[in-house]
Amino acid sequence: MSWTRSLMPEYSPEAAFSSGPPHTNAMRRSSDITCPRSSLMTLDANLATASLVLEANEQKPFEAVLKHADKTFTGLPTLNSKALSSRFRSASGFLVDLLTPQLRRAHTNPMPLKNLQAGAIPLQHLGWLLEQPVQAVALHGAGVPVTVPQPARYAAHKLIIAQKRTGDPTKRRKDLVQAATLIEALSKADPFALADAVADAKSKGREGWARPLERSLAELQLKVEVA
265 MSWTRSLMPE
275 YSPEAAFSSG
285 PPHTNAMRRS
295 SDITCPRSSL
305 MTLDANLATA
315 SLVLEANEQK
325 PFEAVLKHAD
335 KTFTGLPTLN
345 SKALSSRFRS
355 ASGFLVDLLT
365 PQLRRAHTNP
375 MPLKNLQAGA
385 IPLQHLGWLL
395 EQPVQAVALH
405 GAGVPVTVPQ
415 PARYAAHKLI
425 IAQKRTGDPT
435 KRRKDLVQAA
445 TLIEALSKAD
455 PFALADAVAD
465 AKSKGREGWA
475 RPLERSLAEL
485 QLKVEVA
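Here the sequence shown is numbered in the working numbering, starting from 265 and rising by one per residue.
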């Protein structure tokens with residue numbers, strides 16, 4: 265996830281990444297692909313940090329940073345009453361989740377981000393998604409600079425995550441729609457990046473990576489040619 269300079273000016277934009285879909289809009293423009301509204305609309309934002317130590321010119325709780333944008337944001341309680349909040353919600357229902365790569369199965373959940381007085385949910389595959397991020401612009405007002413995952417990696421990641429979802433089937437369907445939309449765009453705009461991302465993901469392991477990716481492609485009746 266990304267710290268945006270306008271919303272969160274105290275924090276370095278390189279410290280964290282936006283794992284939402286701003287790059288989907290960029291791909292739509294670059295390849296003249298019409299994206300389904302369901303692949304673009306969201307009522308939450310996932311902010312992912314590759315490090316549990318974030319530097320800031322002025323230390324301020326993450327909730328206070330969010331209140332610069334909407335004073336109604338508040339941290340939601342966790343199952344562990346002593347744990348720091350990793351999810352924040354505004355009065356309108358907009359959710360902001362803090363995420364971090366899972367390095368060990370024994371990691372506590374949420375992981376503490378002491379400089380932000382908040383927690384971050386450790387997620388499998390997130391570290392791979394955050395490698396080699398790109399700069400983009402969120403379509404809000406005059407534009408907000410953000411750091412986002414590579415579109416090709418985002419597509420491959422969505423293919424994997426869709427098969428690991430439990431519970432709400434709506435999120436699974438949205439994962440597949442977003443993956444299919446990006447694959448269609450990338451097949452025309454940057455097919456080599458798409459092939460490289462899929463090949464790299466599959467090389468990470470059979471059961472946790474290649475198999476769910478292949479199942480999603482089969483479900484979508486899509487093929488990605490890998491050299």
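Just so you know, even glycine gets a beta-carbon here, dropped at the ideal spot from N, CA and C. From a predicted model like this one, the values you see are computed outputs, not experimental measurements.
| said: Here's a check: name, in chain order, each residue in its chain whose Cβ is nearer than 6 Å to the Cβ of ALA244, leaving out the five neighbours to either side. | reply: As displayed, the chain neither begins before 265 nor continues past 491, which places residue 244 out of reach and without an answer.
| said: Using 8 Å for Cβ pairs, my map puts GLY383 next to LEU348. What's the rounded Cβ distance? | reply: Here the question's residue 383 lines up with position 119 in the sequence shown. Here the question's residue 348 lines up with position 84 in the sequence shown. The pair is a contact, with the Cβ atoms about 4 Å apart (cut-off 8 Å).
| said: Considering just the uninterrupted stretch of the beta strand (DSSP E) at ARG351, what are its terminal residues? | reply: To locate residue 351, count along the sequence shown from 1; it is residue 87. Start and end: 351-353.
| query | Hey, out of GLN396, ARG351 and GLY405, whose CA is closest to ASP460's CA? | reply | In the sequence shown, counting from the first residue as 1, residue 460 sits at position 196. The shortest Cα separation from ASP460 among GLN396, ARG351 and GLY405 belongs to GLN396.
| query | If you check the beta carbons only, do LYS428 and PRO476 fall under 9 Å apart? | reply | Residue mapping note: residue 428 aligns to position 164 of the sequence shown, counting from 1. Residue mapping note: residue 476 aligns to position 212 of the sequence shown, counting from 1. Contact: yes.
| request: Tell me whether LEU403 is buried or exposed, calling it buried when 16 or more other Cβ atoms sit within 10 Å of its Cβ. | output: In the sequence shown, the residue the question calls residue 403 occupies position 139. With fewer than 16 other Cβ atoms within 10 Å, it is exposed.
| query | Three-state secondary structure (DSSP) at LEU440? | reply | Working through the sequence shown from its first residue, we reach residue 440 at position 176. Reduced to three states, the DSSP call for LEU440 is helix.
| message | Please return the same chain residues whose Cβ sits closer than 8 Å to the Cβ of GLY407, not counting the five positions on each side in sequence. | response | For this step, residue 407 is matched to residue 143 along the sequence shown. Result list for GLY407: VAL401, in chain order.
| said: With H, G and I counted as helix, E and B as strand and the rest as coil, what does DSSP make of PRO397? | reply: Working through the sequence shown from its first residue, we reach residue 397 at position 133. Coil at PRO397, not helix or strand.
| message | Which same chain residues end up closer than 8 Å to LEU359 when comparing Cβ atoms and leaving out the 5 residues on each side of it in sequence? | response | Within the sequence shown, residue 359 is the residue found at index 95, counting from 1. So the qualifying residues of the chain are LEU307, ASP308, ALA309, ARG351, PHE352 and ARG353.
| Selected residue, minimal CA-CA separation from VAL329, among LYS346, LEU340, PRO365 and LEU380 | As a working mapping, residue 329 is identified with position 65 in the sequence shown. Checking every option, the nearest Cα to that of VAL329 belongs to LEU380.
| field | Local Cβ density within 10 Å of PHE456, reported as buried at 16 or more and exposed below that | value | For this step, residue 456 is matched to residue 192 along the sequence shown. Label assigned to PHE456: exposed.
| query | Nearest to ARG417 by CA position, among LEU394, GLN399 and THR430, is which residue? | reply | Counted from its first residue, the sequence shown places residue 417 at position 153. The candidate whose alpha carbon is nearest that of ARG417 is LEU394.
| Should THR338 and GLU327 be called a contact, given that it needs their Cβ atoms to be closer than 9 Å? | For the purposes of this step, residue 338 is taken as the residue at position 74 of the sequence shown. For the purposes of this step, residue 327 is taken as the residue at position 63 of the sequence shown. For THR338 and GLU327, yes; Cβs fall inside 9 Å.
| query | Is the Cβ-Cβ distance between VAL412 and LEU458 less than 9 Å? | reply | Your numbering for residue 412 matches position 148 in the sequence shown. Your numbering for residue 458 matches position 194 in the sequence shown. Cβ atoms of VAL412 and LEU458: not closer than 9 Å.
| field | Through-space distance from GLY431 to ASP464, alpha-carbon basis | value | By one-based count along the sequence shown, residue 464 stands at place 200. By one-based count along the sequence shown, residue 431 stands at place 167. Rounded to the nearest whole angstrom, the CA to CA distance from ASP464 to GLY431 is 28 Å.
| message | What does the alpha-carbon distance come out to for the pair PRO433 and PRO409? | response | Within the sequence shown, the letter at position 169 stands for residue 433. Within the sequence shown, the letter at position 145 stands for residue 409. Answer to the nearest angstrom: the Cα atoms are 32 Å apart.
| message | Assuming contact is defined by CB atoms lying nearer than 9 Å, are GLN366 and PRO386 in contact in what I supplied? | response | For the purposes of this step, residue 366 is taken as the residue at position 102 of the sequence shown. For the purposes of this step, residue 386 is taken as the residue at position 122 of the sequence shown. Cβ distance < 9 Å, so GLN366 and PRO386 count as in contact.
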